[in-house]
Amino acid sequence: MLKPIQYSLDVIREEARQLVCKGVLDRRQPIYALCKYLPAREWGDIERELERNDFLLRDSILDLLGHEDWCED
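Counting in the UniProt record's numbering, the sequence shown runs from 1 upward without gaps.
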């Protein structure tokens, strides 16, 4: 059986950054848009980690990413 990923804030940010770089998500979308792309069984843990770090699901992905990152072409 595969060990589930521990969704630390850094892991969540990296997942969001990759989805933005791929053009799947827009940095202006709310954080809850990530739920379509992260495992549903992990979403409770993800929400708790975001709340622990003072993020609301309605905050934009840009808020989560913190600073503007340029994606490589």
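The C-beta atom is built at its ideal place from N, Cα and C for all residues, glycine as well. Keep in mind that this is a model prediction, so the values were computed, not measured.
CB of residue i within 8 Å of CB of residue j, strictly
i: isoleucine 46; j: leucine 38; result: yes
i: arginine 28; j: serine 60; result: yes
i: glutamate 15; j: leucine 34; result: yes
Residue i, buried or exposed, once every other Cβ within 10 Å from all chains shown has been counted against 16
i: residue 82; result: Because residue 82 is not part of the residues shown, which for the chain are 1 to 73, the question remains open.
Backbone CA spacing between residue i and residue j [nearest angstrom]
i: isoleucine 12; j: leucine 19; result: 11 Å
i: glutamate 49; j: tryptophan 43; result: 10 Å
Cβ-based neighbour list, residue i, same chain, cut-off 8 Å, excluding 5 preceding and 5 following
i: leucine 65; result: Arg13, Ala16, Arg17, Val20 and Arg27
i: isoleucine 31; result: Ala16, Leu50, Phe55, Leu56, Leu57, Arg58, Asp59, Ser60, Ile61, Asp63 and Leu64
Same chain, Cβ closer than 7 Å to residue i, neighbours up to 5 away in sequence not counted
i: serine 8; result: Glu49
i: residue 74; result: Since the first residue shown for the chain is 1 and the last is 73, residue 74 is missing from the structure and cannot be characterised.
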